[in-house]
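Number of protein chains: 2
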Amino acid sequence: MKLATLKNSRPDGQLVVVSTDLTRFASAGRIAPNLQAALDDWQTISPQLSALAAQLDAGDIAGQVFDPSMALAPLPRAYQWIDGSGYLSHLERVRSLKGSKDEQLQSTRPLLYQGGSDSLSAPTDPIVATDPELAIDFEAEVAVIISAVPMSATREQAAAAIRLVTVCNDVSLRRLVLDDLQNGFGFFHSKPSTAFAPIVVTPDSLDGAWRDNRLHLPVRIEVNGTLFGQPNAGTDMHFDFADLIVEAARTRNLAAGTIIGGGTVSNRHDESLPIKRDGIGFACIAEARTVEKIKYGRARTPFLKPGDAVRIGAVADGRSVFGDIAQIVALA
Amino acid sequence: MKLATLKNSRPDGQLVVVSTDLTRFASAGRIAPNLQAALDDWQTISPQLSALAAQLDAGDIAGQVFDPSMALAPLPRAYQWIDGSGYLSHLERVRSLKGSKDEQLQSTRPLLYQGGSDSLSAPTDPIVATDPELAIDFEAEVAVIISAVPMSATREQAAAAIRLVTVCNDVSLRRLVLDDLQNGFGFFHSKPSTAFAPIVVTPDSLDGAWRDNRLHLPVRIEVNGTLFGQPNAGTDMHFDFADLIVEAARTRNLAAGTIIGGGTVSNRHDESLPIKRDGIGFACIAEARTVEKIKYGRARTPFLKPGDAVRIGAVADGRSVFGDIAQIVALA
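Dropping the structure here:
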């Protein structure tokens, strides 16, 4: 089942089911007013959404043309957005870049940060920064949306709570990261609004690409139309989504509709940019710059500047599985 | 105007207006389904709520008996909970305790952390911890709920966005703070569910106690029935709520319904516990322990243990302005 949230006059938008080929949609407004309401009562609501999706795919309902530019984030405002660190090579590359005080890698327990979830960006919203000199970067990630998870949940409970999968862009202002980390209170100013792909998909509708609590698909990133990276999200993911959820629930319950990010997708390699046709590349600029510093003594790839375009999408058989995030950098 | 959210079958509870003397309530269900919905359209909704409150106070509506034990947190789940650090003496006392790597005080710009907002505790919910050895502490704070604030907001915009005031208990697991800070990703496991008083009050209904973007009232804390502190929230608040909101909006928009905490209320003094009749005391255990370490060479006041009771409320003319938070520590 594939779902999206379209713009309407309400802050939580209009829940719709999307056809398997992403070309058409049907409103789910008579089943649930929005995606959060569906997640609040998933056992009851999801079979109804699934039945509607089957009717749409069978042509029993004509539906309307699905235009990704009409999509909001699946949860335009969420009660929780927790970003994890599933990929150790991202931490290795970025921590050395930002000179973290604690260089020891956390390979036994994943790092998590509490992100702002009140204003999540639509897939085509601009990346708005107040200053072009903030070292504006993207981070292409896989994210899951879960049902409620109790404190001290087991891996089995965590895995069973995964309802929907998508990709997101955890926009980062690298120049503010060090300040945020040094004051000890964690990321805040350095992590403005995260953007989400237009479509969320249930794990069972991912045609086998969802296995071992990981998405086994390349996430393709283009900057200004040029391929920047296509790391496979199922490769080198040291902590899977069950691990991340278990860690998030160590001292607290997690409410339905909590979004968990897997961290910047990152595969181990030492290639630098420009990426070769079958190269892997990077899912954020900071990693590319670290590899360049090691290889060439200095970073070559610039951070984003106003007007730059970033496109992010997970790809299967040449098609964008969740639709693309396509953002342009703008000044506030 | 005084509002509360009472338990019903829905996750967001039932919005009610409460009489000025906190003895009676009337359902506001015909005006707005819940407090978030009221905040989403405050210009339209608040005059209607205010009119209902006037009818209740005038006796035109009988209302029902207000029982604080039926209250949820005003926003049982919120889109954002940001905790600030308005009181420097709290930072001074607690930072030396926890051995923060960066001891330099942030007197020019307030620290903020992004808290979990998906599961906020009712005023009488237990404080649930997985382990009694986690150094369970309370933090008595003033909090405001705001309407939407744009990125790079001015102090005037920030002050004008303050809709509702209350007190909260930012429960802290001190033994996990150092881990959270050292990994650099900020508070996470050390900050489980924050609890809120049953009543939220508009600034204009605080009888002059709301001035200069601060609440000028003592916040009274009892542990197991013994007075622990009564610092005045309007005293020694270096950063006021407008400062905190401006800082929170530096790189991002803030959605309606964002909750901003002022940080643990803390007045400058060097008295230790037990508190004298007119003493000031502390709004968290960690501060008391720091003063004891300096005075006596060791901390005397224990952290909370299962079964301990904490009571927190702001007091005016001997009455609890927002109703009390009254929690008992329990093991998961």
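As they're listed, the protein sequences go chains D and E.
One point on numbering: in the working numbering, the residue at position 252 of the first sequence is 237, and numbering is uninterrupted.
One point on numbering: in the working numbering, the residue at position 20 of the second sequence is 5, and numbering is uninterrupted.
Every residue, glycine too, gets a C-beta built ideally from N, C-alpha and C.
Check whether the Cβ of residue i lies closer than 9 Å to any Cβ atom in chain D.
i, result
"V314 (chain E)", "no"
"P177 (chain E)", "yes"
"Q99 (chain E)", "yes"
"N19 (chain E)", "no"
"H174 (chain E)", "yes"
"A218 (chain E)", "no"
"S148 (chain E)", "Looking at the sequence shown, residue 148 (chain E) is not Ser but Arg. Chain D contact via Cβ: absent."
"Q(-1) (chain E)", "no"
"V113 (chain E)", "yes"
"N(-7) (chain E)", "no"
"T319 (chain E)", "This structure leaves residue 319 (chain E) out entirely; chain E is present only between -14 and 317."
"T243 (chain E)", "yes"
"Y64 (chain E)", "yes"
"M55 (chain E)", "no"
"M(-14) (chain E)", "no"
"T(-10) (chain E)", "no"
Measuring only between beta-carbons, confirm whether residue i sits less than 9 Å from chain E.
i, result
"G169 (chain D)", "yes"
"Y281 (chain D)", "no"
"A324 (chain D)", "Because chain D in this structure spans residues -14 to 317, residue 324 (chain D) falls outside the shown range and cannot be described."
"A107 (chain D)", "no"
"S102 (chain D)", "yes"
"S251 (chain D)", "no"
Kindly give me the distance between the Cβ atoms of residue i and residue j, rounded to whole angstroms, as I take these residues to be in contact under 8 Å.
i, j, result
"L149 (chain D)", "P177 (chain D)", "Incorrect: roughly 23 Å between the Cβ atoms, too far for contact."
"I265 (chain E)", "P216 (chain E)", "5 Å"
"A315 (chain E)", "I112 (chain E)", "7 Å"
"A213 (chain D)", "F267 (chain D)", "One point to set straight first is that residue 213 (chain D) is Phe, not Ala, in the sequence displayed. Between F267 (chain D) and F213 (chain D) the Cβ distance is about 7 Å, and since that is below 8 Å, they are a contact."
"F170 (chain D)", "L24 (chain E)", "Between L24 (chain E) and F170 (chain D) the Cβ distance is about 26 Å, and since that is not below 8 Å, they are no contact."
"T179 (chain D)", "A317 (chain D)", "Not quite, the Cβ-Cβ distance comes to about 17 Å (not below 8 Å), so this is no contact."
"E272 (chain D)", "V79 (chain D)", "6 Å"
"Q167 (chain D)", "G100 (chain E)", "In fact, because the Cβ distance is near 20 Å, the residues do not count as touching under 8 Å."
Measure the alpha-carbon distance for residue i versus residue j and round it to whole angstroms.
i, j, result
"V231 (chain D)", "D68 (chain E)", "25 Å"
"E126 (chain D)", "A36 (chain D)", "30 Å"
"R(-5) (chain D)", "T29 (chain D)", "24 Å"
"P61 (chain D)", "A107 (chain D)", "7 Å"
"V185 (chain E)", "R199 (chain E)", "15 Å"
"D197 (chain E)", "R283 (chain D)", "50 Å"
"A144 (chain E)", "F226 (chain E)", "7 Å"
"D26 (chain E)", "P259 (chain E)", "47 Å"
"D155 (chain E)", "D103 (chain D)", "20 Å"
"G84 (chain E)", "L163 (chain E)", "Caution is warranted here: a pLDDT of 48 is assigned to G84 (chain E), below 50, making its placement in the model unreliable, and the coordinate value is therefore given only provisionally. If you take the alpha carbons of G84 (chain E) and L163 (chain E), they lie about 8 Å apart."
"I245 (chain E)", "F181 (chain E)", "12 Å"
"C269 (chain D)", "R296 (chain D)", "12 Å"
"S54 (chain E)", "T109 (chain E)", "6 Å"
"D309 (chain E)", "R274 (chain E)", "24 Å"
"L34 (chain D)", "H174 (chain D)", "38 Å"
"K86 (chain D)", "D302 (chain D)", "Because the pLDDT at K86 (chain D) is just 48, under 50, the model does not fix this residue reliably, and the point stays unresolved."
"W66 (chain D)", "I46 (chain E)", "42 Å"
"F307 (chain D)", "P32 (chain E)", "43 Å"
"S74 (chain E)", "R253 (chain E)", "6 Å"
"L82 (chain E)", "K261 (chain D)", "With a pLDDT of 48 at L82 (chain E), under the threshold of 50, the predicted position of this residue should be treated as unreliable, though the coordinate-derived value follows. Whole-angstrom Cα-Cα distance: 52 Å."
"D228 (chain D)", "E141 (chain D)", "10 Å"
"E207 (chain D)", "L191 (chain D)", "23 Å"
"C153 (chain D)", "A241 (chain D)", "19 Å"
Give me whichever residues DSSP pairs with residue i in a beta bridge.
i, result
"R196 (chain D)", "D:R199"
"N154 (chain D)", "D:A125 and D:A180"
"T249 (chain D)", "D:E126"
"W27 (chain D)", "The partner list for W27 (chain D) (beta bridge, DSSP) is empty, contrary to what the question assumes."
"K(-13) (chain E)", "E:V3 and E:V186"
"D68 (chain D)", "D:Y98 and D:G246"
"F10 (chain E)", "E:V3 and E:Q49"
Please work out which residues of its chain come closer than 7 Å, Cβ to Cβ, to residue i, disregarding the five sequence neighbours upstream and downstream, and give them in chain order.
i, result
"Q(-1) (chain E)", "T(-10), L(-9), N(-7), S12 and G14"
"N209 (chain E)", "D293 and A294"
"M222 (chain E)", "G71, Y72, R199 and G247"
Within the same chain, show all residues whose beta-carbon is closer than 8 Å to that of residue i, passing over the 5 residues directly before and after it, in chain order.
i, result
"S137 (chain E)", "A234 and R235"
"R237 (chain D)", "M136"
"N19 (chain E)", "T(-10), R(-5), D(-3), G(-2), Q(-1) and L0"
"T8 (chain E)", "V50 and F51"
"G48 (chain E)", "S4, R9, F10, A11 and L41"
"E326 (chain D)", "Lying outside -14 to 317, the shown extent of chain D, residue 326 (chain D) is not represented and no answer is given."
Ignore the nearest five residues each way along the sequence and tell me which others in residue i's own chain have a CB closer than 6 Å to its CB.
i, result
"V300 (chain E)", "P203 and R205"
"L289 (chain D)", "I121 and V314"
"A311 (chain D)", "T109 and R296"
"I220 (chain D)", "First, the residue type needs correcting, since residue 220 (chain D) is Thr and not Ile in the sequence shown. If we look at T220 (chain D) and ignore the five residues flanking it on each side, its Cβ neighbours are N252."
"K(-13) (chain E)", "V3, I184 and V186"
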